[in-house]
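*Asks:* Sending over a structure as structure tokens; questions will come in a sec.
In the numbering used here, the protein residues as written are 1 to 354.
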């Protein structure tokens, strides 16, 4: 084999969790401090979300997803760091509001910035960090060779001391005026007004307002593995194969199609079956599957509402138990991903890859 593996690249880890929800979960106020809901909120900056549903579930929730539940708004804007902490923008969105912002740049290579819950995070190379004069911490690099040292500075802009005229804040203003003074492309989302296009002080910066709506893909004859037995899905080998199958659905792979007849010399993939000692395993069934996809700056609050809306349709009992499942796969800007598989009204299996 060709020696093309990068040994210096960090190895990703995948964490598997089985959560059992309570009998009564408030659709409008789910327990966000517990699994699996805290996993959704822990990844604030995501660029792609895939919702995979059996056709029977999709038909139940279709009308709701075609409405405002299935869309969100964000903007692309050109600003400098100094403009973020000035005037109406600072007071309206940070001091009294709540926004998400993510700058352009490659994490681990370029200087990149993000804003969440009033905390502005700066990831800087050593030279820039020393010029800024701000206090930060080294970013762990896992002992990889030939990796340049980088630093993270977190500025809690909602603190009472973060006001013009205060010594500490003026140091930040100086750094943004003399060192980090380049204008950048940002993605912007107003968390407090998720259903409305961005408005307010940001309009003075001529943003490009964007609306993300679901992109529907229907796969009519998909070989679907058995997804109703939690005991089977908690088997490490079978759960990994199910995660792979969900990835194949997202990719619209022809290997999961019931009519696929590719030569086994080219591909030996088979839809997984659970392992049972008595050999009486449930065979894959053929049925329609719908993949819904959103792209952009996907807010975690939107994904949480989306999950609860579909779960409500399943709990309603209008779908046969064998087809009462849903899956959500979300990819973040920093390379992290998670997948959630809901089975019936209570069981949720999740995979976190970091």
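Here a beta-carbon is modelled for each residue, glycine too, at the ideal position from N, C-alpha and C.
These numbers come from a predicted model, not from an experiment.
For the region 297–304 against the region 45–65, are there 3 or more C-beta pairs whose distance is under 8 Å?
*Replies:* Yes: the two stretches touch, three or more of their Cβ pairs being nearer than 8 Å.
*Asks:* Of all the options 39, 109, 102 and 313, which has the alpha carbon lying nearest to the alpha carbon of residue 54?
*Replies:* Along the chain shown, one-based indexing puts residue 54 at 54. Residue 313 is the option with its Cα nearest to residue 54.
*Asks:* Which residues bound the alpha helix (DSSP H) around residue 312?
*Replies:* Translated into positions along the chain shown, residue 312 becomes position 312. Counting along the chain, the alpha helix (DSSP H) containing residue 312 begins and ends at 300–315.
*Asks:* Drop a sphere of 10 angstroms on the beta-carbon of residue 355, count the other beta-carbons inside from all chains shown, and report buried for 16 or more, exposed for fewer.
*Replies:* Missing from the structure shown is residue 355; the chain here goes from 1 to 354 and no further.
*Asks:* Does DSSP put residue 224 in a helix, a strand or coil?
*Replies:* On the chain shown, residue 224 is found 224 positions in, with the first residue counted as 1. Strand, per DSSP.
*Asks:* Short of 7 Å in beta carbon distance, which residues of its chain neighbour residue 116, apart from the five on each side in sequence? Order them along the chain.
*Replies:* Position 116 of the chain shown, counting from 1, holds the residue named residue 116. Contacts found: 44 and 100.
*Asks:* I'd like to know if the region 199–219 and the region 32–40 are in contact, where contact means that at least 3 CB-CB pairs between them fall below 8 Å.
*Replies:* Touching, no, given that fewer than three Cβ pairs across the two stretches are closer than 8 Å.
*Asks:* Taking the alpha-carbon positions, what's the residue 110 to residue 133 distance?
*Replies:* Along the chain shown, one-based indexing puts residue 110 at 110. Along the chain shown, one-based indexing puts residue 133 at 133. About 18 Å.
*Asks:* Can you give me the Cβ contacts of residue 13 inside the same chain, cut-off strictly under 8 Å, excluding the 5 residues immediately before and after it?
*Replies:* Start at 1 with the first residue of the chain shown, and residue 13 comes out as number 13. Taken in chain order, the residues that qualify are 353 and 354.
*Asks:* Please report the distance separating the alpha-carbon of residue 112 from that of residue 166.
*Replies:* For the purposes of this step, residue 112 is taken as residue 112 along the chain shown, with counting starting at 1. For the purposes of this step, residue 166 is taken as residue 166 along the chain shown, with counting starting at 1. Approximately 26 Å between the Cα atoms of the pair.
*Asks:* Are residue 124 and residue 151 closer than 8 Å when you measure CB to CB?
*Replies:* If you number the chain shown from 1, residue 124 lands on position 124. If you number the chain shown from 1, residue 151 lands on position 151. Yes, Cβ-Cβ distance for residue 124 and residue 151 is below 8 Å.
*Asks:* Buried or exposed for residue 227, please, with buried defined as at least 16 other CB atoms from any protein chain shown within 10 angstroms of its CB.
*Replies:* Indexing the chain shown from 1 puts residue 227 at position 227. With 16 or more other Cβ atoms within 10 Å, it is buried.
*Asks:* In terms of DSSP beta bridges, what is residue 213 paired with?
*Replies:* To locate residue 213, count along the chain shown from 1; it is residue 213. Answer is 71, bridged to residue 213.
*Asks:* Check residue 156 in the structure and name its three-state DSSP category.
*Replies:* Position 156 of the chain shown, counting from 1, holds the residue named residue 156. Of the three classes helix, strand and coil, the one that applies to residue 156 here is strand, per DSSP.
*Asks:* Would you mind listing the alpha helix (DSSP H) stretches within the region 65–141 that are 4+ residues and don't spill past its ends, in chain order?
*Replies:* Taking only runs of at least 4 residues, the alpha helix (DSSP H) segments lying wholly in the region 65–141 are 81–84 and 126–132.
*Asks:* Give me the residue from 180, 307, 256 and 318 with the minimum Cα distance to residue 85.
*Replies:* Counted from its first residue, the chain shown places residue 85 at position 85. The shortest C-alpha separation from residue 85 is found at 180.
*Asks:* What is the rounded straight-line gap between the Cα of residue 155 and the Cα of residue 332?
*Replies:* As a working note, residue 155 is residue 155 in the chain shown. As a working note, residue 332 is residue 332 in the chain shown. So the two alpha carbons sit approximately 22 Å from each other.
*Asks:* Would you please state the rounded distance, in angstroms, between the beta carbons of residue 82 and residue 176? I believe it to be under 8 Å.
*Replies:* Mapped onto the chain shown, residue 82 falls at position 82. Mapped onto the chain shown, residue 176 falls at position 176. Sure, about 4 Å apart at Cβ, within 8 Å.
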